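Taking it in order: structure first as structure tokens, then the write-up.
Number of protein chains: 2
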Amino acid sequence: MSAADYLGTVRDRDWEQLESGTLRIAMISLGWWTREQAIPAVEDSEFCETTVLVSRSREKASAAAAEIPTVEAALTYEEFTDGEATDEYDAVYVCTPNALHLPYAEAAAEHGKAILCEKPVESTRERAERLVEATEEVPLMVAYRMQTDPQVRRMRELVAEGAIGDPVAVHGSMSQQMLETVSDDADQWRLDPDLVGYGASVMDLGIYPLNTARFVLGADPVSVTAQMHSADAAFGDVPDQHAAFTIRFDDGTQAACTASQHAAYTGHLRVVGTDGELVLEPVFLGQPEQTLTLHSDGRRLEVADGRRDVMRDEMTEEFDYFADRVLRDAPIHPDGDHALVDMRALEAIYDAAETGTTVSV
Amino acid sequence: MSAADYLGTVRDRDWEQLESGTLRIAMISLGWWTREQAIPAVEDSEFCETTVLVSRSREKASAAAAEIPTVEAALTYEEFTDGEATDEYDAVYVCTPNALHLPYAEAAAEHGKAILCEKPVESTRERAERLVEATEEVPLMVAYRMQTDPQVRRMRELVAEGAIGDPVAVHGSMSQQMLETVSDDADQWRLDPDLVGYGASVMDLGIYPLNTARFVLGADPVSVTAQMHSADAAFGDVPDQHAAFTIRFDDGTQAACTASQHAAYTGHLRVVGTDGELVLEPVFLGQPEQTLTLHSDGRRLEVADGRRDVMRDEMTEEFDYFADRVLRDAPIHPDGDHALVDMRALEAIYDAAETGTTVSV
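The listed protein sequences correspond, in order, to chains F and U. The first sequence runs 0 to 360 under numbering that gives the first Met the number 0. The second sequence runs 0 to 360 under numbering that gives the first Met the number 0.
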């Protein structure tokens, strides 16, 4: 297929094999992301349905449940862990603070449920390894929504077919005004090292260019360098209000990335190859007019796919892909082992900044 | 002035004070850059004229001179150094391999001539310091053509007036297929450590995002990290066929940059601030349709200034700015001390890659 053809098919699902079916989801935590993105995305999905809500308080869960006709049960975390209402769901979506992924994923695995776990998969490499080990018997997908974004998948195909020659360099950035965007105080766990893990901006944002570069290149990180700093008092407990880092991949490609929790709401991904470059922008934050541009041989092909709510669409794609795999009992990618590579890279990036050295992944 | 007004005036010179005058230039070396860019740019300039050509062989110089009516003398390097034809020129443009800037700049200073010296100002920090010291008595400008590019100057003004809030992160890349672009074998000094200095891609290309970021931010580098590698045999004597590096600046901004001598002919510069971002693309390599884009508050302002030959226009601006300053006996920026900061940063970037550590500048 030619580059122009690829760019013209940016809305097509290239993975769907299921014809019908329903995966019943328990939403673990009802923070703003679950309420504003995940639940609406599941409403839009073909193969998923929200049937259980799990929250800190039964009141909060019940109030939310009243607005969603498909919900059969509203549970506290303790009730969920104890195995209540296990007949009412087939899978869980874990969207708690990072350091709580492990106990709820463990509980879900004990109940024999499939798991869609938010990224980073846990707060530290060690806890992530425990999570992956504890969930070996059930399907586990880590929620890298970029990997089921149609434009990102086209970008990967274009790289693989040589549309820009051999990849040489990647640029990626992601930033937001966290204290404004994540307005719910309860979600400020991102500034608490016990809950977030290594830090604030690379764990939460930098993981997007890191993982999307891995996916687009089909390559894994080998070594990293990093500089970080926190200027404002609110970021006093984390090293990385702002971060810049480089990644060398096992195919020789080198990435230069930035992440910030105190900058404009924006992101981009650029892959420079020996014969051209691909740019996806804006990306990562669900802004409209996400546009994939191919520069090659003096030509410039540009395709905005017209999605108005890119984030919700990405979440819908992710949930349907998860359901497609779980219902067909098919292998899932990105799985836990894939996510562990990111956890090693994240640990290395924070180590690199702290020790002032290049760190192997 | 508003952002829209700035973007609308991207062709205006904001520095010209001279009304008339002519600076007579001796071109030191007749490599492809001098022949194809510098001499045509001087032909286009208002205040410069090429009156002397200096080359390895008198034959080459005379043959080139025959095609340029303004040329009064064609010299060998030795004749130039010995002070021949000093009445025929007021200033020199030094465009030799990096490690030959010092002897010809020294000679020019001894002859009392103003100097426009290509960047990097020399091959190593030590030699650059010697060059700056040896030329203290004459006007010295280092040829950072981006600093007199009208769009780059508007970008700097927009940053200074707060159009994107406080700058947080910079991305910059520059790459070319050196073995194809720089086709003249004699110009392959870029792969000879004795002539090029620390390496091939950061010295020759990475210096563009480094220096342009400095100029646009009004900030200087504090510390750097880097990863480099050379894969192809032709690059066996230099560490950086490809490079990725980070720079922390003294205003807290952090840059993530890449440079490659074996990738597509392309470059970009992005500044992300707390309230928006500015992107200049394509840039550095003189491609047409160089476009300055401002994203802020959901608005997107985009201005391509319509220049067809951006490189030649940039070189003309640079020469006229240099003449404006020399003929008026006015301070020059970028001067030698400015260039020495880059040399310290370049040395640090290569040190960082070699030692695997974060290096202070």
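Just so you know, even glycine gets a beta-carbon here, dropped at the ideal spot from N, CA and C. Just so you know, these numbers come straight off a predicted model, no measurement behind them.
Quick one: which residues of the segment 142 to 167 of chain U get their C-beta closer than 8 Å to a C-beta of chain F? List them in chain order.
Residues passing the 8 Å Cβ filter: I163, G164, V167.
Note down, in chain order, each residue of its chain lying with its Cβ closer than 8 Å to the Cβ of G198/U, except the 5 sequence neighbours on either side.
For the purposes of this step, residue 198/U is identified with residue 199 of the second sequence, where counting begins at 1. Hits under 8 Å: P192, M227, V237, P238, D239, A242, Y349.
When you compare the CB of D308/F with every CB in chain U, is at least one pair closer than 8 Å?
Counted from its first residue, the first sequence places residue 308/F at position 309. Chain U, which has no Cβ nearer than 8 Å to the Cβ of D308/F, makes this no.
Measuring only between beta-carbons, confirm whether F244/U sits less than 8 Å from chain F.
Counted from its first residue, the second sequence places residue 244/U at position 245. True, the Cβ-Cβ gap to chain F drops below 8 Å.
Below 9 Å between beta carbons is the criterion; list the residues of the segment 266 to 282 of chain U that meet it against any residue of chain F, in chain order.
Within the segment 266 to 282 of chain U, the residues whose Cβ lies closer than 9 Å to any Cβ of chain F are, in chain order, H267, R269, V271, G272, T273, D274, G275, E276, V278, E280, P281.
If you reduce the DSSP assignment to three classes, tell me which class T21/F lands in.
Counted from its first residue, the first sequence places residue 21/F at position 22. If DSSP states are grouped into helix, strand and coil, T21/F belongs with coil.
Once the 5 residues before and after S19/U are set aside, which same chain residues still bring their CB inside 7 Å of it?
For this step, residue 19/U is matched to residue 20 along the second sequence. None.
With a threshold of 16 other CB atoms inside 10 Å of the CB of Q16/U, please say whether the residue is buried or exposed.
On the second sequence, position 17 is the one that residue 16/U refers to. Per the 10 Å Cβ criterion, exposed.
Do you know offhand how far T292/U's Cα is from I246/U's?
To locate residue 292/U, count along the second sequence from 1; it is residue 293. To locate residue 246/U, count along the second sequence from 1; it is residue 247. Rounded to whole angstroms, T292/U to I246/U spans 23 Å at the Cα level.
If you compare alpha carbons, which of D250/U, A254/U, A233/U, T273/U is closest to Q260/U?
For the purposes of this step, residue 260/U is taken as the residue at position 261 of the second sequence. The candidate whose alpha carbon is nearest that of Q260/U is A233/U.
Mind checking who E48/U pairs with in its DSSP beta bridge?
What you label residue 48/U is simply residue 49 of the second sequence in a count that begins at 1. According to DSSP, E48/U shares a beta bridge with R23/U.
For chain U, check one thing: does any of its Cβ atoms lie closer than 8 Å to the Cβ of H110/F?
As a first step, residue 110/F must be located in the first sequence, where it is residue number 111. It does not; no Cβ of chain U falls within 8 Å.
Beta-ladder partner(s) of Y92/U, from DSSP
Here the question's residue 92/U lines up with position 93 in the second sequence. DSSP lists M26/U, L115/U as partners of Y92/U.
Taking M310/F as part of the alpha helix (DSSP H), name the residues at either end of that continuous run.
The residue you call residue 310/F lines up with position 311 of the first sequence. Counted as a single uninterrupted DSSP element, the alpha helix (DSSP H) harbouring M310/F occupies residues 309 to 326.
Where G297/U falls: helix, strand or coil (DSSP)
Mapped onto the second sequence, residue 297/U falls at position 298. Looking at G297/U - three-state DSSP - the assignment turns out to be coil, as it is neither helix nor strand.
How many angstroms separate the CA atom of I206/F from the CA atom of P119/F?
Along the first sequence, read from residue 1 onward, the residue named residue 206/F stands at position 207. Along the first sequence, read from residue 1 onward, the residue named residue 119/F stands at position 120. Rounded to whole angstroms, I206/F to P119/F spans 7 Å at the Cα level.
Given that a residue counts as buried once 16 or more other Cβ atoms are within 10 Å of its Cβ, and exposed if not, what is A230/U?
In the second sequence, counting from the first residue as 1, residue 230/U sits at position 231. Result: exposed.
By DSSP's criteria, S61/U is part of a beta bridge. Which residues make up the other side?
Against the second sequence, residue 61/U aligns to sequence position 62. S61/U pairs with nothing; no bridge assigned.
Report the three-state DSSP secondary structure of V70/F (helix, strand or coil).
The residue labelled residue 70/F in the question sits at position 71 within the first sequence. DSSP, read as helix, strand or coil, puts V70/F in coil.
Can you list, in chain order, the residues of its chain with a C-beta nearer than 6 Å to that of E438/U? Leave out the 5 residues immediately preceding and following it.
With chain U covering only 0 through 360, there is no way to say anything about residue 438/U.
Hey, out of S174/U, T211/U, G164/U, Y88/U, whose CA is closest to E276/U's CA?
Walking along the second sequence from the start, residue 276/U turns up at place 277. Per the Cα distances, G164/U.
Shorter than 8 Å from the beta carbon of R213/U to some beta carbon of chain F?
Position 214 of the second sequence, counted from the first residue, corresponds to residue 213/U. Taking Cβ atoms only, chain F never reaches closer than 8 Å to R213/U, which makes this a no.
Contact list for the segment 346 to 357 of chain U against chain F, Cβ threshold 9 Å:
Of all residues in the segment 346 to 357 of chain U, A351, A352, T354, G355, T356, T357 have a Cβ within less than 9 Å of some Cβ in chain F.
Could you confirm whether any beta carbon from chain F is found closer than 8 Å to the beta carbon of D20/U?
Translated into the one-based positions of the second sequence, residue 20/U becomes position 21. Residue identity differs from the one stated: residue 20/U is Gly in this sequence, not Asp. With 8 Å as the cut-off, G20/U does not count as an interface residue toward chain F.
Three-state class that DSSP yields for P166/F in the structure shown:
The residue labelled residue 166/F in the question sits at position 167 within the first sequence. Of the three classes helix, strand and coil, the one that applies to P166/F here is strand, per DSSP.
Classification of P361/U by the beta-carbon crowding that lies within 10 angstroms, buried from 16 upward:
Because chain U is modelled from 0 through 360, residue 361/U falls outside the range shown and cannot be assessed.
Would A159/U be called buried (16 or more neighbouring beta carbons within 10 Å of its own) or exposed?
The residue given as residue 159/U occupies position 160 in the second sequence. So A159/U ends up on the exposed side.
Should A254/U and A262/F be called a contact, given that it needs their Cβ atoms to be closer than 8 Å?
Numbered from 1 along the second sequence, position 255 holds the residue referred to as residue 254/U. Numbered from 1 along the first sequence, position 263 holds the residue referred to as residue 262/F. Going by beta carbons, A254/U and A262/F fall outside the 8 Å limit.
Own chain, CB closer than 7 Å to L190/U, minus 5 neighbours either side, in chain order
Start at 1 with the first residue of the second sequence, and residue 190/U comes out as number 191. So the list reads A199, A233, F234, D236, V237, once near-sequence residues are dropped.
Residues of the segment 288 to 304 of chain U with a CB closer than 8 Å to any CB of chain F: list them in chain order, please.
Hits within the stretch, in order: H294, S295.
Nearest-angstrom beta carbon gap, A106/F and T80/F [assumed within contact, 8 Å]
Within the first sequence, residue 80/F is the residue found at index 81, counting from 1. Within the first sequence, residue 106/F is the residue found at index 107, counting from 1. Indeed they touch by this definition, with Cβ atoms about 4 Å apart.
Here's a check: name, in chain order, each residue in its chain whose Cβ is nearer than 6 Å to the Cβ of N210/F, leaving out the five neighbours to either side.
Within the first sequence, residue 210/F is the residue found at index 211, counting from 1. So the list reads Y143, D341, once near-sequence residues are dropped.
Just the C-alpha distance for Q150/U and E156/F, rounded to the nearest angstrom, thanks.
Numbered from 1 along the second sequence, position 151 holds the residue referred to as residue 150/U. Numbered from 1 along the first sequence, position 157 holds the residue referred to as residue 156/F. The alpha-carbon atoms of Q150/U and E156/F are separated by roughly 35 Å.
With 8 Å as the limit, tell me which residues of the segment 178 to 208 of chain U have their beta carbon closer than that to any beta carbon of chain F; keep them in chain order.
Those residues of the segment 178 to 208 of chain U that come within reach of chain F (Cβ to Cβ, closer than 8 Å) do not exist; the list is empty.
DSSP state of V141/U, grouped into three classes?
Working through the second sequence from its first residue, we reach residue 141/U at position 142. Looking at V141/U - three-state DSSP - the assignment turns out to be strand.
Starting from S172/F, find everything on chain U with Cβ-Cβ shorter than 7 Å and list it in chain order.
In the first sequence, residue 172/F corresponds to position 173, counting from 1. Listed by position along chain U, the residues whose Cβ is nearer than 7 Å to that of S172/F are A168, H170, V271.
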